[in-house]
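Have a look at the structure below, then the notes.
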Amino acid sequence: MQKLLEKIYLTNKEAISKGEKASYIPALAKVSDSLGLAVRDHSSIYTAGDTEFKFTFQSISKIILLLVALQDSNTEDLFNHVGMESSGDSFNSISKLDFTHVIKPYNPFINSGAILVASLIKGFSYQEKLKKITSLCETIFQRDSISFNEEVFTSEKNSAYRNRALAYLLKEKNILKGDVEEILDLYFKCCAIEVNCIDLANLGYFLSINKHSTIPNKHFQIVKALMLTCGMYDYSGEFAVKIGLPSKSGVSGGIVTCVPQRMGIGVFSPRLDSKGNSILGIKCIDELNKALHLNIFR
Ligand code: GLN
């Protein structure tokens, strides 16, 4: 495994400057070019490249929001507020949300859905809600503290015109309840959690084994099904056909992949394709998949 990761790293690192970094959050455009890979299986963790390099969680945090919200409401109630269908639209799409027949966001992994999911997390204060999220992250990453990239948080908060439009549209339609700005702050704060590839491999592994004292098996199944169908934005269908592994991407360039009952994979490289997925991230996962026959439909 170690040799395979190093080989994949070496063959791909030449291309680390191809593609564009996300720039709609200005602080993300400043991240340096890098490539890191990590795999966690039942016995060990394997790494290659810039695996200690810290980047922001972004959309991958939608997995944690969903896990926490599922614990706070029953499954049926949660899916009364947010759907479970892939939208076929980009992650920040607003167009379909404004149709009168649309009574909930398509799924928890597009921005409108994740903002709604964030609003379902219960707590007496913003801090208490955030604590639920960071505590779960600490367990999954096997760390005793979680840090935030305050520059990315502020940069996103100050330029989030589209997310603010989504949230206020949900509020106007009476789908979103509560203080919109506080809900958005919780959402931005989760996107600004600092992680590295090893954290993502640990997350993938955590999702793969379905074992936790307070998270029921059913919640793990829901999260993985949604990762497979909606986790890679409007590339999810093609990714499922070509790679066939539950995965979740973030605009900072991270991808977490889960090989059920077998391993977790974390990849980071900040240059993105037109859909917002890490170009080298997808390539490295594809190569690992081909070498190890990981596709769940094989
Ligand atoms: N913070 C980002 C946003 O809301 C997350 C999007 C993403 O990673 N796709 O726009």
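All the letters of the sequence shown, read from the start, carry residue numbers 49 to 346 under the numbering used here.
Heads up, the beta-carbon is just placed ideally off N, CA and C, and yes, glycines get one too.
Bridge partners - F96, DSSP secondary structure assignment | A quick correction: the sequence has Ala, not Phe, at residue 96. Partner(s): L85.
For E199, the residue or residues it bridges with in DSSP = Partner(s): none; E199 has no beta bridge.
Boundaries of the beta strand (DSSP E) in which V307 is found, first to last residue = G302 to V307
Report buried or exposed for Q106, applying the criterion of at least 16 other Cβ atoms within 10 angstroms of its Cβ.
-> buried
K266 and L255 closer than 8 Å at C-beta | The answer is no: Cβ separation not under 8 Å.
6 Å Cβ shell around D89 - same chain, five flanking residues per side excluded = M311
Are N211 and L293 touching if we call contact CB-CB under 8 Å?
-> No. Outside cutoff.
Would you be able to state if there are at least three C-beta pairs under 8 Å between the stretch 223 to 230 and the stretch 163 to 173?
-> yes
Assigned exposure category for K129 - 16 Cβ within 10 Å defines buried = It should be pointed out that residue 129 corresponds to His in this sequence rather than to Lys. It counts as buried.
Contact between the stretch 234 to 241 and the stretch 171 to 186 (3+ Cβ pairs under 8 Å) = yes
Three-state secondary structure assigned by DSSP to G292 | Looking at G292 - three-state DSSP - the assignment turns out to be coil, as it is neither helix nor strand.
In the DSSP assignment, what are the bridge partners of T104?
-> E242
Can you tell me whether DSSP reads M280 as helix, strand or coil?
-> coil
Take the Cβ of S92 as the centre, count every other Cβ of all protein chains shown within 10 Å, and call the residue buried at 16 or more, exposed below.
-> exposed
Determine the extent of the alpha helix (DSSP H) in which V165 is found, giving its start and end residues.
-> Note, V165: alpha helix (DSSP H), N159 to S167.
To the nearest angstrom, report how far apart Y94 and K237 are at their CA atoms.
-> 29 Å
Going by alpha carbons, who is nearest to D282 out of S322, F316 and I257?
-> With respect to the C-alpha of D282, the residue from S322, F316 and I257 having the closest C-alpha is S322.
Taking 7 Å as the line, does the beta carbon of F348 fall inside it for any heavy atom of ligand 1?
-> A query on residue 348 cannot be resolved here, the shown segment of the chain reaching from 49 to 346 and no further.
Grab me the residues of L53's own chain with a C-beta within less than 6 Å of its C-beta, minus the 5 sequence neighbours each way, in chain order.
-> The beta carbon of L53 sits closer than 6 Å to those of L85, Y94 and A96, all from its chain and outside the five residues before and after it, given in chain order.
Give the straight-line distance between the Cα atoms of K144 and V150, rounded to the nearest whole angstrom.
-> 7 Å
Kindly examine ligand 1 and report whether one of its heavy atoms sits closer than 7 Å to the Cβ of E39.
-> The displayed coordinates of the chain run from 49 to 346. Any statement about residue 39 would go beyond what the structure contains.
Would you say the beta carbon of E186 comes nearer than 7 Å to a heavy atom of ligand 1?
-> no
The stretch 313 to 322 in contact with the stretch 50 to 68 per 3-pair CB rule at 8 Å = With a cut-off of 8 Å, the stretch 50 to 68 and the stretch 313 to 322 count as touching, because enough Cβ pairs lie within range.
Can you list, in chain order, the residues of its chain whose CB lies under 7 Å from that of F345, leaving out five sequence neighbours each side?
-> Only G292 meet the Cβ criterion.
Secondary structure of E133, DSSP reduced to three states = Coil, per DSSP.
Residue range of the unbroken alpha helix (DSSP H) whose run includes F189 = Y174 to F189
Hey, I111 and K338 are a contact pair by Cβ (cut 8 Å); roughly how many whole angstroms apart?
-> I111 to K338, Cβ: 25 Å. No contact.
May I ask you to list the residues that DSSP assigns as paired with M49?
-> Paired residues: none, contrary to the question.
Going by DSSP, which residues form a beta bridge with F316?
-> G84 and G302
A288 and V200 closer than 8 Å at C-beta = no
Say yes only if the C-beta of Q106 is nearer than 7 Å to one or more non-hydrogen atoms of ligand 1, and no if none qualify.
-> Indeed, a heavy atom of ligand 1 lies less than 7 Å from the Cβ.
Three-way DSSP call (helix, strand, coil) for S207 in this model | helix
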